[in-house]
Amino acid sequence: MEGVEYVPLWVKSHYSFLEGASSPGELVEEARRLGLTSMALTDRDGVYGVVRAHVAAREAGIHLLVGAQVSVGEAPPSQIVLLAMNREGYGNLCGLLTLGRLRSPKGRSSVSWEEVCSHSQGLIALLGGDEGPLASKAEPAPLLNTLKDVFGDRLYALVARHRRAEEREQERRVLDRAGRYGIPLVAASEVLYHTPSRRPLQDVLTCIRNGVSLAEAGRLTRPNSEYALVSPFSFQTLYQDLPGAVERTLEVAERCKFSLAELRYRYPSERLPQGFSSHQWLRELTFRGAMERYGRGSIPPEVKAQLERELALIEELDYSGYFLTMWEIVKFCREHSILCQGRGSAANSSVCYCLGITAIDPVRMGLLFERFISRERAEPPDIDLDIMHQRREEVIQHVYERYGRSHAAMVANFIRYRPRMAVRDVGKVLGFTRTSLDRLAKLLPHHGEIAPEHLRMAGMDPDMPISQHLIRLSCELLDVPRHLSIHPGGFLLGHEPVHTLVPIERGSMEGRTVIQWDKEDIEDLGLFKVDLLGLGALSHLDICLRLLEKHHGLRLSMATIPAEDPATYEMISRGDTVGVFQLESRAQMSMLPRLRPRCFYDLVIEISIIRPGPITGGMVHPYLRRRNGQEPVEYPHESLRPVLEKTLGVPIFQEQVMRLAMVAADYSPGEADQLRRDMAAWRRGGRIGRHRERLISRMLAKGIAREFAERVFQQIQGFGEYGFPESHAASFALISYASAWLKRHWPAEFTCALLNAQPMGFYSPATIIEDAKRHNIEIRPVSVTQSFWDCTLEPLDEVECSGEQESEGAKPLFAVRMGLRFVKGLGRGHWERILEARSKAPFSSLEDFVQRCGLDREAPSSLAQAGALGALRQGRRDAIWGVLGALRKPKGPLPTRERETQPSFVPLTAWETVIWDYRTQEHSPLAHPLAMVREGLRKMGFPTAREISGMGQGSKVRYAGLVICRQRPATARGVTFLTLEDETGFVNVVVWPSLYVKHMPLVKTAPFLGVSGTLQVQGEVVNLVARSLWTPNVCLQKAHAPSRDFQ
Amino acid sequence: MDRLACVDLPELPLQILLDRHPEWKGLPSAVVAQDRPQAKILWVSPEARSAGISVGMRYAQGLSLEPKLQAAQVTPRELKQELNRLTELLRSFSPEVEVAKEPGVFWLGASGLGSLFLSASAWARQIHGALGAMGRRGSVVVGFSRFRTYGIARHTNGIRVLRTPQEEDVLFKAVPLEKLSLEPELRDTLERLGILTVGDFLKLPAHGVRRRFGQEAADLYESASGTRHEPLVPSPHEEPVGCVVFLEEPLSDTVPLLFLVRRHLHPLLRGLASRGEALRELEIRWFMGRDGERTDLIRPARPNLQESLILDLVRIKLEAFPLPSSVEEMHLRVHGSSVDPEQLRLFWETSGRDLSAGERALARLRTELGEESVVRPRLMEGHLPEACFAWEPLEHLRPPKPRPKAGHWNMIRRVYSRPLCLGMRPRHEPDGWLVKDLRSGPVTRICGPYVISGGWWRKEVHRSYYFLETLRGDIFWVYYDASRKRWFLQGRVE
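Protein chains in written order, with the numbering used here: chain P, 1 to 1047; chain E, 1048 to 1541.
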């Protein structure tokens, strides 16, 4: 028997955080499978999931009703389900939710019945549920009358059935009151998951939300599994005594015509000068900028043509306001000396280049504008602006100020369950002890599924039923959103108040407001987003350039740093790139000596080639062989030569893949961009497959051999989502080159700035300092009489402070004095008190320091242990004793002169000093820890990193070093790469998967590791392929810094 | 010079923990204050210590140093029980036993025991052996001062008998400070100063220590330097009051036995009263020759000294559980609790609603039917009917709190203690559905189903509940158990 059609009107997805147990996509897909044509999504106090549901519903051909379950009143809150009939209703719903969210603590919302009434236009109200006024024991006469007056025929009495015994009594009241007040009945069971098999997960989520275990949950969990989407037949059976209420679901759906596709978004218009439209003003600014970039009257014709083409498209698509906003933000940064630079596909645009948003000339680089904007795509362009991370907040507050909080809000970022958080939360609910869960969580990877093997490693029995529940439910919980957070820099700006588009709520950070949609939602709806991202490298450059100006009177900017400097490329080619933006990773360092960059474009390639896309696509080795002349440069077809020529016939950039399709298979620019997007999604949905036939047949038609066509397709497929656009790589390469040039010519300034820009980059301060020492930079220890909060430069006594050091090996002019920011336990507030006291008068003694600074007990003790009081009291132990005494000195109007015998303490040995340095600052200016135990290591037969670099292919080596980096890239098929360090340099260690499994705890946790293995030497690249791993029999007493580990 | 001994059972809570988890022996393990990652580590095993884990760290911190670290809590109750057990044991070696605040440390008076145990060494060996037999590892140091023997014991493995105070002094000064249970902050600061042994510590100026580290450190200094007078403070020990009665002729009748009990009970109660206590429990051990023995515990509703009441309870017990054969020997032991005299007086007062009389009645019921016979229901939050309440022992009666009168009579749902299985419902029911018996008649009205399902994490349950009204007007509350494919009668509505 076929069931009568119905529409589920009260459906909550997992965006009703810790309540719903299915994603919007799963709900829509299940609705389609059950033969439903419409479905509502009514998450609790939000529309977080409506975009995902909208996209899924569009694909499934289902009519989506947009709404929310709104909490009304306080303790206990009542509830009402509101559904948007039209755009006005949707705006009202967003406004109502914004009101409730902004006034409530994070994660909660509450509105009043008056507010519901004042936002009623365009909304259908379903009144009911356990906490609704219709079902309550108390008589809600005045409220029902008001709601009836306000909503009129848009008010329905909701009859919810879940086969609970208590419902009968509640339903009796609902039917009675609905009859008395003339409110039509509508059938709507609360849906919390798409299928009953999700019920255990829903129970677990309920327990997590209430902070109880399943054994303690009692009636907090639902009594049965009747909260799933059901077939029309089952629904009709459930409500067989109320057929009218079932039919009314269709009536409600019929009345709700609103779709998210209706959202018409207008970008906020800039304040324009008299007589200019926004497009005219953009044109004016663009050509003014072009004249600055190329010189007055000398704009190259091809640039002019490109600008005209871009401006025409921008005008046609009405994007001018967006460009003007970005220009305004960049202008603000310039005026306030905040270093910024556009990245991503924006660098494909000449307009962006001329407006100063990006620093790459796309015409000169031959970049593809369609990668940025295309008519076919009809999606707003995405301009990401990198801003020096230390001053990004200033720019964010400027945007709030300029557009107002009603027109600007930050984009959300959903914090989703990852394996560690999942096992902790599920385990607690299942009653596992917290300590065993903690042990298990620490053994889990940051991504991927939880396997029985993980439990076994944590000493748990994975075969026990409760352990199997833990594994299954934790895996089900993966990717489920837990709560809302803020995207690092994404802003939504609107001409109309943003809260008519999407609800706004408070961010956890003071002064931030956040919308209920994330970046993907914004993209899916085609809204404009302004991305203000923090980039540590820009802070590093900014600090370094300021140091050059301060200490050398040298005024440089990124644009005026000498280009194409051979000495810089020579240094890069050696892989001597600790601290150099994008070139400092272990993988880059081992690639650099093989690629040997000689010009800027080589850097662009270098940055792009060490990416998962080119690596898995098998582009790296062909490119290297061709570059080294070991194989001929070939093209699948002569027509592809212009596309692939600059990368020797191997596609490396996203644009090249797009162009391949355009040239070889006659794709339009828009089709090519779709190809790029499908490439990004091919792992998930196999969408790339639909291009296969089209690409190959068109290439065959063009006379390209099938073999080559297949190869081109394989390259496209292998490229996947993990490739850089050329423009993006070029933008990054600019920063890379600038930082490399500074490292090569001003190493002390470079190091000082890098330390001050921390935290950033790939390496810990200890590694940066050791690298600096190997480059003959003197690192001076912290001192309360000399140091500032940040690291500073101090002139070396024997060198004149002028000019640039020309050749490598020449003594630098300055030493780096470590800043007090590196002393653990010392805060900025402490430093400000020290500075205030020191600026009044130099400290005369340790007691004087303690008394005048007025610090609490911890800070002076930390300083004494770090050796920062050395200028006031010799010997760190004496300083500790002195500080403790001074801190407890009796306070009174008159100085007391207490006689106290000074005990004699055993002075620290050099080794102990290093250990103390690491304990207090995680680095030591004095020496590398392994230098201190080198004699012992030599006796054990362990060579240094420098000695290893001079050994030949196949040498058998036993080596011991500090682990500074662990990586297990997805592209390496389970191979783990470790970087070990000693006082002479680095050793790259390759650990095969079988060895990794055998020694996993050691590989993942040991800070000091012994490796036996065989050397693999390729030119200047030396890898130690591990045969066995062990713990060296040398006690370092925690003298090591934290490593950078794989996720 | 008086001699004493220090018994040190290092990391006693950890030893208790390892009794519970023998599989953790040899692994890095720790006792934590609570079961959560941020809980403080209170005790660590040597394996954990060698991995760099120390007392005072958070468990998560310890785990980052040693991923194999196992940890659990030891409750104060567990610890107290163990300390009581150990104290009892040590009392068999010395009448003077002092239990230190630090768990696992005891001091024993050793003066004059040499003649009993041949020598101090033999005495210490026996103590050590007895502890070992209990599964406890530790050290025994016989010396001259409390703190010094303690320090040496912490640094000693096994037995040490010190001959002179000078020997004690030398050994004590070599004790590493980390062996003493110092506050972690003081311990770490001293370590930073390079002060590693007691001898180093004593080289610091006394007033300098006080000024920098406070009174507690100054006290420690004084104790270590021997300038502080610290006599042994033995824990008080009170023997339970009791007596042994040998019967001239074996008796099996209740009445003469009761008279016998009464005769001996009277002085025992007087003994309790002289300690300001009332009888909490009377323990009677009946020895019946070849038929073995039996122990009866008589507990009045409240501690009291009323002889007739207690004898009445003994009588009930003997009548309810007659002795299987004649009694040859009887041991009586009374356990008391401190009682306020005024409170005792209240036992005799009566009121209109005499709660104490009710309690006495319940005590009789308990005596006759067993401890679990007097219970009351407690409402619980659960979905299944049987999970909505639990029976708990009723310790004391409370005055009734009548509810305000309801506006209408509610129906009463009776829940069977165990649902009755109705079997499978026949496919053909010519007379209609006969749920229970013919007298009720067939079912005329069905209300339901109301579904309760869950318990997936231990035992899956899926029940569909119905209310069935029969022709006679009976209302049955039944359910169909989907997993057992059977109908059950959960109760009825009246």
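A virtual CB, placed ideally from N, CA and C, is assigned to each residue, including glycine. Since this is a predicted model, take the numbers as computed values, not measurements.
Exercise. From the beta carbon of Val1498/E, is the nearest beta carbon of chain P less than 7 Å away?
Worked result: yes
Exercise. Do you know how far the Cα of Glu726/P is from the Cα of Gly649/P?
Worked result: 15 Å
For this session: To the nearest angstrom, report how far apart Arg482/P and Arg424/P are at their CA atoms.
Result: 13 Å
Problem set entry | Status (buried if at least 16 other CB within 10 Å, exposed otherwise) for Cys1053/E | Buried, because 16 or more other Cβ atoms sit within 10 Å of the Cβ of Cys1053/E.
For this session: Taking Val1187/E as the query, report the chain P residues whose CB atoms sit under 7 Å from its CB, ordered along the chain.
Result: Within chain P, no residue comes near Val1187/E; the closest Cβ sits about 33 Å away, beyond 7 Å.
Problem set entry | Touching by the beta-carbon criterion (3+ pairs, under 8 Å), the stretch 1218–1231 of chain E and the stretch 1196–1203 of chain E | yes
For this session: Starting from Ile1357/E, follow the beta strand (DSSP E) in both directions and report where the run begins and ends.
Result: Premise fails: Ile1357/E lies in the alpha helix (DSSP H), Glu1354 to Ala1367, not in any beta strand (DSSP E).
Problem set entry | Residues that DSSP places opposite Ala1077/E in a beta bridge | Per DSSP, Val1091/E and Ala1118/E.
Problem set entry | Interfacial residues, the stretch 453–472 of chain P to chain E, with Cβ spacing under 9 Å | Taking 9 Å as the cut-off between beta carbons, the residues of the stretch 453–472 of chain P near chain E are Met457, Ala458, Gly459, Pro465, Ile466 and His469, in sequence order.
For this session: Give me whichever residues DSSP pairs with Ser539/P in a beta bridge.
Result: DSSP output for Ser539/P lists no bridge partner at all.
For this session: Report yes if the C-beta distance between Leu754/P and Trp1504/E is below 7 Å; otherwise report no.
Result: no
Exercise. From which residue to which residue does the beta strand (DSSP E) around Trp1537/E run?
Worked result: A small correction: the amino acid at residue 1537/E is Gln; Trp does not occupy that position in the sequence shown. For Gln1537/E, the enclosing beta strand (DSSP E) covers residues Arg1533 to Val1540.
Exercise. Given a threshold of 16 other Cβ atoms within 10 Å of its Cβ, counted over all protein chains shown, does Ala261/P qualify as buried or as exposed?
Worked result: Looking at its Cβ environment, which holds fewer than 16 other Cβ atoms inside 10 Å, Ala261/P is exposed.
Problem set entry | For Ala56/P and Pro24/P, believed in contact at Cβ under 8 Å, the rounded distance | 6 Å
Exercise. Cβ atoms of Leu41/P and Val50/P: under 7 Å apart, would you say?
Worked result: yes
Exercise. Looking at the C-beta of Gly1429/E, does it have a partner C-beta in chain B at a distance below 7 Å?
Worked result: No chain B appears in this structure, whose protein chains are P and E.
Exercise. Considering only residues of the stretch 876–931 of chain P, which uninterrupted beta strand (DSSP E) runs meet the minimum length of 3 residues and lie entirely inside it, listed in chain order?
Worked result: none
Exercise. Using a Cβ-Cβ distance under 7 Å, would Val7/P count as near chain E?
Worked result: It does not; no Cβ of chain E falls within 7 Å.
Exercise. Closest Cβ-Cβ distance between Phe905/P and chain E: below 7 Å?
Worked result: yes
Problem set entry | Bridge partners - Gln79/P, DSSP secondary structure assignment | Ser71/P
Problem set entry | Beta-carbon separation (whole angstroms), Thr206/P vs Ala228/P, contact threshold 8 Å | That pair is no contact at about 15 Å.
Problem set entry | Listed by chain order, chain E residues near Lys442/P by CB distance under 7 Å | Leu1110 and Pro1114
For this session: Check the C-beta distance from Phe233/P over to Val246/P and give it rounded, since I have them as a contact under 8 Å.
Result: Contact between Phe233/P and Val246/P is absent: CB atoms are separated by about 11 Å, not below the 8 Å threshold.
Exercise. With burial defined as no fewer than 16 other Cβ atoms inside 10 Å of the residue's Cβ, what is the status of Ser1355/E: buried or exposed?
Worked result: exposed
For this session: Kindly give me the distance between the Cβ atoms of Ala733/P and Ile652/P, rounded to whole angstroms, as I take these residues to be in contact under 8 Å.
Result: Actually they do not touch by this definition, with Cβ atoms about 13 Å apart.
For this session: Could you pull out every residue in the same chain whose Cβ sits closer than 6 Å to the Cβ of Leu1160/E, ignoring the five residues on either side in sequence?
Result: Trp1170
For this session: Quick one: which unbroken alpha helix (DSSP H) runs of 4-plus residues sit fully inside the stretch 988–1034 of chain P? Chain order, please.
Result: 993–998 and 1000–1005
Problem set entry | CA-to-CA distance, Arg586/P to Cys801/P, given in whole angstroms | With a pLDDT of 45 at Cys801/P, under the threshold of 50, the modelled position of that residue is not reliable, and no figure is offered here.
Exercise. Is Leu1298/E near Val1374/E, with beta carbons less than 7 Å apart?
Worked result: It is a contact, given that the beta carbons lie within the stated cut-off.
Problem set entry | Test: Asp1066/E CB closer than 7 Å to a CB of chain P | Closer than 7 Å: no.
Problem set entry | Stretch pair the stretch 444–458 of chain P + the stretch 413–421 of chain P: three plus CB contacts closer than 8 Å | yes
Problem set entry | Gln1537/E classed as buried or exposed, judged by whether at least 16 other C-beta atoms fall within 10 angstroms | buried
For this session: Would you tell me roughly how many angstroms separate the C-alpha atoms of Gln865/P and Val906/P, rounded to the nearest one?
Result: 14 Å
For this session: Identify whether Ser345/P lies in helix, strand or coil by the three-state DSSP scheme.
Result: helix
Exercise. Arg163/P bridges to which residues according to DSSP?
Worked result: Arg163/P is not bridged to any residue.
Exercise. Going by the CB atoms, is the gap between Pro1032/P and Gly1010/P shorter than 7 Å?
Worked result: yes
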